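Engineer: Pasting a structure below so you can have a look.
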Amino acid sequence: MPSLSETADKVKDLVQESLSDDFIIVESGGEGDINSIVQRIMGDITTASAGRQAAIGGVSGCVAGYVTNRIGRAVGLSLAGTFILFQIAQHKGYVKVDWTKVKRALTRAKAEARIDELKLRQASVVGKVRNFVEENFFLSTGFMGGFAVGFFF
Numbered sequence: 004m005p006s007l008s009e010t011a012d013k014v015k016d017l018v019q020e021s022l023s024d025d026f027i028i029v030e031s032g033g034e035g036d037i038n039s040i041v042q043r044i045m046g047d048i049t050t051a052s053a054g055r056q057a058a059i060g061g062v063s064g065c066v067a068g069y070v071t072n073r074i075g076r077a078v079g080l081s082l083a084g085t086f087i088l089f090q091i092a093q094h095k096g097y098v099k100v101d102w103t104k105v106k107r108a109l110t111r112a113k114a115e116a117r118i119d120e121l122k123l124r125q126a127s128v129v130g131k132v133r134n135f136v137e138e139n140f141f142l143s144t145g146f147m148g149g150f151a152v153g154f155f156f
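So for the sequence shown, our numbering puts the first residue at 4; every next one is plus one.
Take a look at the structure:
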């Protein structure tokens, strides 16, 4: 029984033989399919009219805000519950924390961190966001408004 790759090669050869030279067969990799779809959509949005940009930004912002609100509540409750359980376990003596070791480790980590590199990264991210907002004003303002509506909905 032939393998799957051999069968695929035979089918590809048959298709190429049956087509004339007017057609070009383009093979699509499985990795770039989602990226190409998103790229096509975003390319169309940024060249669309101001009203369409604001509408698409508003709808996507509303969905993102709603999802963020729901996920944020769940994450907040789970973190608070974990913190309370940890405090109870520490109070009962199940967990003992050496806070001087923790403080020493944090101080050492702060000393080793490169603050200048962090500032440069933040500046570049802020610059990219500012450029996107300036280039796509209607899309970004629609998204921010929709995000606020979805978050408080």
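Cβ atoms here follow ideal geometry from the backbone N, Cα and C, with glycine treated the same way.
Note that this is a predicted model, so its numbers are computed, not measured.
Classify D16 as helix, strand or coil using the three-state DSSP reduction.
Structural biologist: Residue mapping note: residue 16 aligns to position 13 of the sequence shown, counting from 1. If DSSP states are grouped into helix, strand and coil, D16 belongs with the helices.
Engineer: I'd like the list of long-range same chain contacts for N139, defined as Cβ closer than 6 Å, with 5 residues on each side in sequence excluded.
Structural biologist: To locate residue 139, count along the sequence shown from 1; it is residue 136. Taken in chain order, the residues that qualify are T49.
Engineer: For A3, which residues in the same chain have their Cβ closer than 6 Å to its Cβ, ignoring the five residues on either side in sequence?
Structural biologist: Because the chain in this structure spans residues 4 to 156, residue 3 falls outside the shown range and cannot be described.
Engineer: Given a threshold of 16 other Cβ atoms within 10 Å of its Cβ, counted over all protein chains shown, does G153 qualify as buried or as exposed?
Structural biologist: Taking the first residue of the sequence shown as 1, we reach residue 153 at position 150. Buried, since its Cβ has 16 or more Cβ neighbours within 10 Å.
Engineer: Skipping 5 residues on each side, what residues in its chain have a beta carbon closer than 7 Å to that of A67?
Structural biologist: To locate residue 67, count along the sequence shown from 1; it is residue 64. Taking C-beta separations shorter than 7 Å and ignoring five residues to either side along the sequence, the partners of A67 in its chain run F150 and G153, following chain order.
Engineer: Please say whether F141 and A53 have beta carbons closer to each other than 8 Å?
Structural biologist: Position 50 of the sequence shown holds residue 53. Position 138 of the sequence shown holds residue 141. A contact, by the Cβ cut-off of 8 Å.
Engineer: Start and end of the alpha helix (DSSP H) containing K95?
Structural biologist: One-based indexing of the sequence shown puts residue 95 at position 92. Run containing K95: A53 to K95, per the alpha helix (DSSP H) assignment.
Engineer: Are the beta-carbon atoms of F146 and G60 separated by less than 8 Å?
Structural biologist: In the sequence shown, the residue the question calls residue 146 occupies position 143. In the sequence shown, the residue the question calls residue 60 occupies position 57. Closer than 8 Å, so yes.
Engineer: Taking the C-alpha atoms as reference points, what is the distance between Y97 and Y69?
Structural biologist: Within the sequence shown, residue 97 is the residue found at index 94, counting from 1. Within the sequence shown, residue 69 is the residue found at index 66, counting from 1. About 39 Å.
Engineer: Classify Q90: buried if its beta carbon has 16 or more other beta carbons within 10 angstroms, exposed otherwise.
Structural biologist: For the purposes of this step, residue 90 is taken as residue 87 along the sequence shown, with counting starting at 1. It is exposed - the Cβ of Q90 has fewer than 16 other Cβ atoms within 10 Å.
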